[in-house]
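Chemist: Take this structure, written in structure tokens, and hold onto it; I'll ask about it next.
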Amino acid sequence: MNSILNTYSPLSKDIYNECYGQEMIDELAIQKILVIGAGGLGCEILKSLALSEIKEIHVIDLDTIDLTNLNRQFLFRMKDVGKYKAEVAAEFIMKRIPSCKVIPYTKKIQEFPINFYQQFPVIIAGLDNIEARRWINRVVIQMVQRDENDKVIDESRHYLIDGGTEGLNGQARVISPFETACYECTLSQLPKQIQYQMCTIASTPRLPEHCIAYAYEVLWSKEQSDLKLDKDNFDHINWIYQKALERAQQFNIQGVTYKLTLGVVKNIIPAVASTNAIIASICTVECIKILTGNGSQLNNYIQWYGQNHQTGIGINVIQQERLEECTECSIQSLEITVKRTDNISILLTLLPPDIELYSKGQTLITNNIRRKQGFAHILEKTFQNLIDEKLIDEKTTLQALDKHKTINVRVQYE
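For what it's worth, the UniProt record's numbering labels the leading residue of the sequence shown as 1, then goes sequentially.
Structure (structure tokens):
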């Protein structure tokens with residue numbers, strides 16, 4: 001990495017060519033990167049970042065290591081089965097690369113306050129589900145601040161790099177809030193998840209997946225009604241497997257295996273180690289380019305085809321377009337005039353229900369029934385009180401968020 005950062009490049013941004021060399025090396029050394037997910041892709045991302053001279057990496061993953069992970073998640077060994085992925089991955093990397101500090105977390109990403117995410121200029125997601133991607137996409141949008149003219153303050157922009165693999169194919173994308181399409185903009189392009197009709201799996205099963213789905217959807221609730229299904233429990237999955245085998249024999253269906261049972265119950269996407277390595281390297285290169293400016297970042301979506309029946313191995317770069325009606329990054333602005341002596345609770349009467357108001361990256365007040373009581377002491381304060389206590393600025397734009405929209409609320413005083 002030092003040899004790269006010591007080299008002038010006509011393709012680099014001006015800031016890089018002004019500072020390349022030791023100054024840029026020192027700047028890279030103080031950056032902190034967040035990786036979400038320490039599975040197949042996450043392990044490769046962590047390795048690539050550590051080998052690219054990133055000195056501090058934070059990693060979030062609440063999953064534990066399963067025996068089936070060991071064939072492709074190379075940071076784990078047999079002795080690690082049952083332990084937290086994030087903790088074992090952090091220990092492994094720090095042992096092999098002592099100059100790299102890796103800090104693990106074993107909580108849901110939704111449990112961290114927004115100011116936790118604000119310390120990372122780049123967040124790399126190696127996630128395996130849509131809802132988590134949508135949530136972190138909203139966070140990077142929410143962290144963006146605007147000036148008094150409602151222009152985005154570039155220094156407040158945090159980048160999200162999203163990677164994903166399926167078998168021999170993979171993709172990576174760079175999300176720059178309010179510059180590129182966000183994850184929500186392209187949600188309609190996602191393939192629909194496979195679902196099986198209940199009438200088919202109950203009456204006329206034709207596939208091994210139908211037999212597994214019947215054992216999972218019907219027999220478990222009927223015969224194990226007092227026991228909550230744990231998808232990471234071998235005994236639970238094995239029970240479904242055995243019941244699926246019985247049903248497959250009844251209808252003369254071949255192909256029910258324990259591995260397929262895991263795939264149906266946990267909606268497992270097939271993973272190939274080499275594909276994970278390729279996508280992780282793309283994510284890491286994009287991260288380094290964002291941090292140093294030593295190249296133009298991806299604009300903004302790349303697809304890797306390791307198995308395409310028409311073209312063979314190939315790669316494709318697409319510029320995704322922002323969606324005008326996107327509920328996340330096409331933000332509505334609202335100007336509200338109040339008196340300095342008004343209580344801030346007046347805003348809740350002017351905004352939709354279940355709204356949360358954010359100031360400086362933290363929840364200020366909320367209309368959410370479950371959480372409202374915890375902010376009761378703020379509701380009684382006037383705007384001037386909050387300015388004096390530096391909870392809001394004199395010229396402030398608050399962010400109002402609910403499940404469906406984001407509103408920039410510009411507060412003007414009479």
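Just so you know, even glycine gets a beta-carbon here, dropped at the ideal spot from N, CA and C.
Between Q31, E91, V144 and V81, which has its C-alpha nearest N115's C-alpha?
Modeler: V144
Chemist: Is I355 closer than 9 Å to I407 when the C-beta atoms are compared?
Modeler: yes
Chemist: For the segment 72 to 160, list the beta strand (DSSP E) runs that are entirely contained and at least 3 residues long, ordered along the chain.
Modeler: Qualifying beta strand (DSSP E) stretches, in chain order: 101 to 105 and 122 to 125.
Chemist: Applying the 10 Å Cβ sphere with the 16-neighbour rule, what's the burial state of V317?
Modeler: exposed
Chemist: DSSP three-state label for Q224, please.
Modeler: In this structure, DSSP gives Q224 a state outside helix and strand, which the three-state scheme calls coil.
Chemist: Only counting the same chain, and skipping five residues up and downstream in sequence, which positions put a Cβ closer than 7 Å to that of L386?
Modeler: I344 and I392
Chemist: At what residue ranges does the segment 323 to 355 contain a whole run of the beta strand (DSSP E), taking only runs of 3 or more?
Modeler: 332 to 338
Chemist: Considering only their Cβ atoms, is the gap separating E321 from A181 smaller than 9 Å?
Modeler: yes
Chemist: Using 8 Å as the threshold, is the segment 24 to 33 in touch with the segment 119 to 135, meaning 3 or more CB pairs across them?
Modeler: yes
Chemist: In the structure shown, what three-state DSSP assignment does I65 receive?
Modeler: Here I65 sits in coil by DSSP.
Chemist: Determine whether the Cβ of V144 lies closer than 9 Å to any Cβ atom of chain D.
Modeler: Chain labels in this structure do not include chain D; a single protein chain is all it has.
Chemist: Can you find at least 3 beta carbon pairs, one from the segment 40 to 58 and one from the segment 73 to 82, that sit closer than 8 Å?
Modeler: Enough Cβ pairs lie closer than 8 Å, so yes.
Chemist: Less than 8 Å between the CB atoms is what I'm expecting for L398 and S359, so what's the real figure, rounded?
Modeler: 5 Å
Chemist: Grab me the residues of E328's own chain with a C-beta within less than 7 Å of its C-beta, minus the 5 sequence neighbours each way, in chain order.
Modeler: N137, R138, I141, C182, E184 and T406
Chemist: Given a threshold of 16 other Cβ atoms within 10 Å of its Cβ, counted over all protein chains shown, does S176 qualify as buried or as exposed?
Modeler: buried
Chemist: Where do the N-terminal and C-terminal ends of the beta strand (DSSP E) with N316 fall, by residue?
Modeler: Segment G314 to I318, the beta strand (DSSP E) holding N316.
Chemist: Could you give the uninterrupted runs of the alpha helix (DSSP H) lying entirely in the segment 225 to 271, keeping only those of 4 residues or more?
Modeler: For the segment 225 to 271, the full-length alpha helix (DSSP H) segments reaching 4 residues or more read 234 to 250 and 258 to 266 along the chain.
Chemist: Thinking V102 and A90 are a contact (beta carbons under 8 Å), I'd like their distance in whole angstroms, please.
Modeler: 4 Å
Chemist: Do G39 and D162 count as a contact pair if the criterion is CB distance below 9 Å?
Modeler: no
Chemist: With three or more beta-carbon pairs closer than 8 Å as the criterion, would you say the segment 199 to 213 touches the segment 264 to 278?
Modeler: yes
Chemist: Taking the DSSP output, what are the residues bridged to H58?
Modeler: L34 and I103
Chemist: If you draw a straight line from the alpha carbon of Y84 to that of N238, how long is it in whole angstroms?
Modeler: 23 Å
Chemist: For the segment 244 to 257 and the segment 270 to 285, state whether three or more C-beta atom pairs, one from each stretch, are separated by less than 8 Å.
Modeler: no
Chemist: Let's test the definition: count the other Cβ atoms within 10 Å of the Cβ of M198 and tell me whether it reaches 16, buried, or not, exposed.
Modeler: It is exposed - the Cβ of M198 has fewer than 16 other Cβ atoms within 10 Å.
Chemist: Please look up how many angstroms separate the CB atoms of P104 and A86, rounded, as I've assumed it's under 8 Å.
Modeler: 4 Å
Chemist: Tell me the rounded alpha-carbon separation between A376 and F112.
Modeler: Their backbone Cα atoms lie some 22 Å apart in a straight line.
Chemist: Can the beta-carbon of T349 be found closer than 9 Å to that of F383?
Modeler: no
Chemist: Can you pull the DSSP bridge partners for L168?
Modeler: DSSP lists no partner for L168.
Chemist: What did DSSP end up calling D162 once you bin it into helix, strand or coil?
Modeler: strand
Chemist: What did DSSP end up calling N6 once you bin it into helix, strand or coil?
Modeler: coil
Chemist: In this structure, does DSSP put L70 in helix, strand or coil?
Modeler: DSSP, read as helix, strand or coil, puts L70 in coil.
Chemist: Mark G170 as exposed unless 16 or more other C-beta atoms lie within 10 angstroms of its C-beta, in which case mark it buried.
Modeler: buried
Chemist: By the three-class DSSP mapping on this structure, what secondary structure does T180 have?
Modeler: coil
Chemist: So I57 and A50 are supposed to be a Cβ contact under 8 Å. How far apart are they, rounded?
Modeler: 7 Å
Chemist: How far does the alpha helix (DSSP H) with T284 in it reach, from first residue to last?
Modeler: A273 to T292
Chemist: Apply the 10 Å Cβ neighbour rule to N69 and answer buried if 16 or more other Cβ atoms are within range, or exposed otherwise.
Modeler: buried
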